[in-house]
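**Student:** One structure coming up, written as structure tokens, with questions to follow.
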Amino acid sequence: MSYKYDHRQLADEMEIFFFDDQIGAGLPVWLPNGVALRDELENFVKSLEKKAGYHRVVTPHLARGELYQQSGHLRAFNESMYPPMKWPEDNSNYYLKPMNCPHHHKVFSCSPRSYRHLPLRIAEYGQVYRYENSGSLKGLSRVRGLCQNDGHIYIDPNDAEAEISSVLELHEHCYSVLGLKGYRYRLSLHDPNRKIDFDGPSNLWIQCEEILRACLIKKGLPFFEAIGEAAFYGPKIDVQMKMGAEDEESIASIQLDFNSSGKFDLSYVASSGQKRQPWVIHRAPLGSHERFVALLLEYFDGQLPGWLSPVQIYLLPVDEEQQAYAMQLSAELAANNIRSVVDQNAGSLSKRILFAHKLRPFAKIIVGPKELDSGRLVLEKRDEKVALNSADLISRLKDMIAIP
Ligand SMILES: [Zn+2]
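Everything in the sequence shown is counted per numbering that gives the first Met the number 0, starting at 0 for the first residue and increasing by one.
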């Protein structure tokens, strides 16, 4: 796959985000066009997750060090965590949240659970902070503050294969709707020679790795295996894709975790009446907004599908006389959930068209005296022109920008 553009240049032209020295390196500020794109992705996946039985939660951006001591993050993930904030009030160190998992484990344990509650699927678009080296920061693809399409599923270990299969189906569905091709799966295994980096007994590692392998084989999904790439708490299936000129990177992962229940003393009452420990599946089909938007911008060279285009219609009045009509049309589009911009620039029409192209709208409409008189509009899409009666515009557009 070849990419013509770097997402940083595209995002700049499309007014997606910016960085500011006083705010801090690696901490993106999302502009309205970027938020339109984030919101579409978020609404899309939230609706799928709702149908798949997920419950949404919201957890704080920071927590006391004890939580990350218990989860093992302070040991295994310390280098990527921001330094602590000392709060003399309760004599604690507070850390910015590097991952949502420990918070979700607390959601599991906040009330008694039985086998009837399982699988318990918890989801959150959760903001996390990671102290990446300044040298490795890169646009939106490597940042210090990111918002993850996170979710944790608490299961009876016997249900692991069925639930992992459903999660794989969710991933496949998302990528098919988004039109993404060219990714592949990686089965990331522990390294038996580096026991210190991988918590828990070997037999459980091997059992969980076999479950993940069986799911990929049964679904007929091509994959390769990588020793030593597992998370410290369990093996995982990564979705690997090439971004720009860079090497292949993980855009999402599904992790099977047999360790966290023990660390957090998570338990449920089985149908036999006995107390059991659940396993946890960590999953994030759309990764983080930051990395995923970078990927989509580069993948589509900025020409996003209609439903994701931050500017769906760019309206260009030829001169002052058509300005009021364009504004009225834009209001009508907004009332129908169609995002549009009315050109406000000075200068020749050709210069203003060039500016419009930088925003990569799904389509543009030039409104001149002829269009105003006849009520016939020409919708100029990226690859074709469609002549429409203004009365049909909204319904035709709705079809064109619908989620496929
Ligand atoms: Zn997690």
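We put the beta carbon where it would ideally sit given N, CA and C, even for glycine. Since the model is a prediction, treat every value here as computed from it, not as a measurement.
#1: Of all the CB atoms in chain B, is at least one closer than 8 angstroms to the CB of C173?
#2: Note the first and the last residue of the continuous beta strand (DSSP E) segment covering Q62.
#3: Between which two residues does the beta strand (DSSP E) containing S347 stretch?
#4: Rank E320, E383 and I121 by C-alpha distance to the C-alpha of F361 and give the top, closest one.
#5: Identify whether I22 lies in helix, strand or coil by the three-state DSSP scheme.
#6: Note down, in chain order, each residue of its chain lying with its Cβ closer than 7 angstroms to the Cβ of S1, except the 5 sequence neighbours on either side.
#7: Is the beta carbon of H60 within less than 7 angstroms of some heavy atom of ligand 1?
#8: In three-state DSSP terms, what is K105?
#9: Spell out the partners DSSP gives K85 in its beta bridges.
#10: Taking only three categories from DSSP, how would you classify G150?
#11: Return the CA-CA distance between K424 and A269, expressed in angstroms with no decimal places.
#12: Where the beta carbon is closer than 5 angstroms to any heavy atom of ligand 1, which residues qualify, in chain order?
#13: On the three-pair Cβ rule with 8 angstroms, is the stretch 247-259 touching the stretch 277-295?
#14: If you reduce the DSSP assignment to three classes, tell me which class V238 lands in.
#15: What residues are listed by DSSP as bridge partners for G144?
#16: Under 8 angstroms, with one C-beta from each stretch per pair, do the stretch 192-207 and the stretch 216-225 reach the 3-pair mark?
#17: Near D19, which residues of its chain fall below 8 angstroms by C-beta distance, leaving aside the five closest residues on each side in sequence?
#18: Where do the N-terminal and C-terminal ends of the alpha helix (DSSP H) with P31 fall, by residue?
#19: Taking F43 and L30 to be in contact with their CB atoms under 8 angstroms, please state how far apart those CB atoms are, rounded to whole angstroms.
#20: Do the stretch 121-138 and the stretch 167-186 touch if we need at least three Cβ pairs shorter than 8 angstroms?
#21: Closer than 8 angstroms by C-beta to G23: which residues in its own chain qualify, once you throw out the five before and the five after it? Chain order, please.
#22: How many angstroms separate the CA atom of N148 from the CA atom of S394?
#23: Would you identify the three-state DSSP class for H189, choosing helix, strand or coil?
#24: Can you tell which of A10, W306, D264 and F76 has its C-alpha closest to the C-alpha of E39?
#25: So, with DSSP's three-state summary, where would you put D5?
#26: In this structure, does DSSP put E224 in helix, strand or coil?
#27: Leaving out the 5 sequence neighbours to the left and right, which residues in its chain are closer than 6 angstroms to A251 when beta-carbon positions are compared?
#28: Give me the Cα-Cα distance between K96 and H103, rounded to the nearest whole angstrom.
#29: Locate the alpha helix (DSSP H) running through P368, then write down its first and last residues.
#30: Kindly indicate which three-state DSSP category F257 falls into: helix, strand or coil?
#31: Determine the extent of the beta strand (DSSP E) in which W278 is found, giving its start and end residues.
#32: With the cut-off set at 8 angstroms, would you say A159 and I210 are in Cβ contact?
#33: Is the separation between the beta-carbon of P234 and that of W204 shorter than 8 angstroms?
#34: When DSSP labels each residue in this structure, what does M0 get in the three-state scheme?
**Tutor:** Judging by the given coordinates:
#1: You won't find chain B in this structure, because it holds only one protein chain.
#2: On the sequence shown, residue 62 is found 63 positions in, with the first residue counted as 1. According to the sequence as given, residue 62 is Ala; it is not Gln. Taken as a continuous stretch (DSSP letters only), the beta strand (DSSP E) holding A62 covers L61 to R63.
#3: For the purposes of this step, residue 347 is taken as the residue at position 348 of the sequence shown. Note, S347: premise wrong, no beta strand (DSSP E); not H, not E.
#4: Residue mapping note: residue 361 aligns to position 362 of the sequence shown, counting from 1. The residue with the shortest Cα to Cα distance from F361 is E383.
#5: For the purposes of this step, residue 22 is identified with residue 23 of the sequence shown, where counting begins at 1. Three-state result, I22: coil.
#6: Here the question's residue 1 lines up with position 2 in the sequence shown. Low confidence applies here, because S1 scores a pLDDT of 44, under 50, leaving its location unreliable; read the following figure in that light. Result list for S1: empty, nothing under 7 angstroms.
#7: Here residue 60 refers to the residue found at position 61 when the sequence shown is read from its first residue. No, the beta carbon of H60 sits no closer than 7 angstroms to any heavy atom of ligand 1.
#8: Working through the sequence shown from its first residue, we reach residue 105 at position 106. Reduced to three states, the DSSP call for K105 is helix.
#9: Taking the sequence shown and counting its residues from 1, one reaches residue 85 at position 86. K85 is bridged to N92.
#10: Here residue 150 refers to the residue found at position 151 of the sequence shown. In this structure, G150 counts as strand in the three-state DSSP scheme.
#11: With the chain represented from 0 up to 403, any question about residue 424 goes unanswered, as that position is not in the structure.
#12: C100 and H281
#13: yes
#14: For this step, residue 238 is matched to residue 239 along the sequence shown. It is a strand residue.
#15: The residue labelled residue 144 in the question sits at position 145 within the sequence shown. DSSP lists Y128 as partners of G144.
#16: no
#17: For the purposes of this step, residue 19 is taken as residue 20 along the sequence shown, with counting starting at 1. Spatial neighbours of D19 in its own chain (CB-CB distance under 8 angstroms, excluding positions within 5 residues in sequence) are listed in chain order as V28.
#18: In the sequence shown, residue 31 corresponds to position 32, counting from 1. Run containing P31: P31 to K50, per the alpha helix (DSSP H) assignment.
#19: If you number the sequence shown from 1, residue 43 lands on position 44. If you number the sequence shown from 1, residue 30 lands on position 31. With 8 angstroms as the limit, F43 and L30 do not qualify as a contact, their Cβ atoms being about 20 angstroms apart.
#20: Three or more Cβ pairs closer than 8 angstroms define a contact, and the stretch 121-138 falls short of that threshold against the stretch 167-186.
#21: Here the question's residue 23 lines up with position 24 in the sequence shown. Closer than 8 angstroms at the Cβ level, and outside the excluded window around G23, lie R143.
#22: Residue numbering aside, residue 148 sits at position 149 when the sequence shown is read from its first letter. Residue numbering aside, residue 394 sits at position 395 when the sequence shown is read from its first letter. If I take the Cα positions, the gap works out to 32 angstroms.
#23: Taking the first residue of the sequence shown as 1, we reach residue 189 at position 190. The answer is coil: DSSP assigns H189 none of H, G, I, E or B.
#24: Mapped onto the sequence shown, residue 39 falls at position 40. Comparing Cα-Cα distances from E39 to each of A10, W306, D264 and F76, the minimum goes to W306.
#25: Here residue 5 refers to the residue found at position 6 when the sequence shown is read from its first residue. Of the three classes helix, strand and coil, the one that applies to D5 here is coil, per DSSP.
#26: Mapped onto the sequence shown, residue 224 falls at position 225. The answer is strand: DSSP assigns E224 an E or B state.
#27: For the purposes of this step, residue 251 is taken as the residue at position 252 of the sequence shown. Around A251: V238, A283, P284 and G286.
#28: In the sequence shown, the residue the question calls residue 96 occupies position 97. In the sequence shown, the residue the question calls residue 103 occupies position 104. K96 and H103 have their alpha carbons spaced roughly 12 angstroms apart.
#29: Reading the sequence shown from its first residue, position 369 is the one you call residue 368. Start and end: P368 to S373.
#30: By 1-based counting over the sequence shown, the position of residue 257 is 258. Coil.
#31: Taking the sequence shown and counting its residues from 1, one reaches residue 278 at position 279. Per DSSP, W278 belongs to the beta strand (DSSP E) from W278 to R282.
#32: Here the question's residue 159 lines up with position 160 in the sequence shown. Here the question's residue 210 lines up with position 211 in the sequence shown. In this structure, A159 sits near I210, with a CB-CB distance shorter than 8 angstroms.
#33: Start at 1 with the first residue of the sequence shown, and residue 234 comes out as number 235. Start at 1 with the first residue of the sequence shown, and residue 204 comes out as number 205. In contact: P234 and W204 (Cβ atoms closer than 8 angstroms).
#34: Locating residue 0 in the sequence shown gives position 1, where the first residue counts as 1. Summary for M0: the model assigns pLDDT 41, below 50, so the residue's position carries little reliability; its value from the coordinates is reported in the next sentence. Here M0 carries a coil assignment [DSSP, helix/strand/coil].
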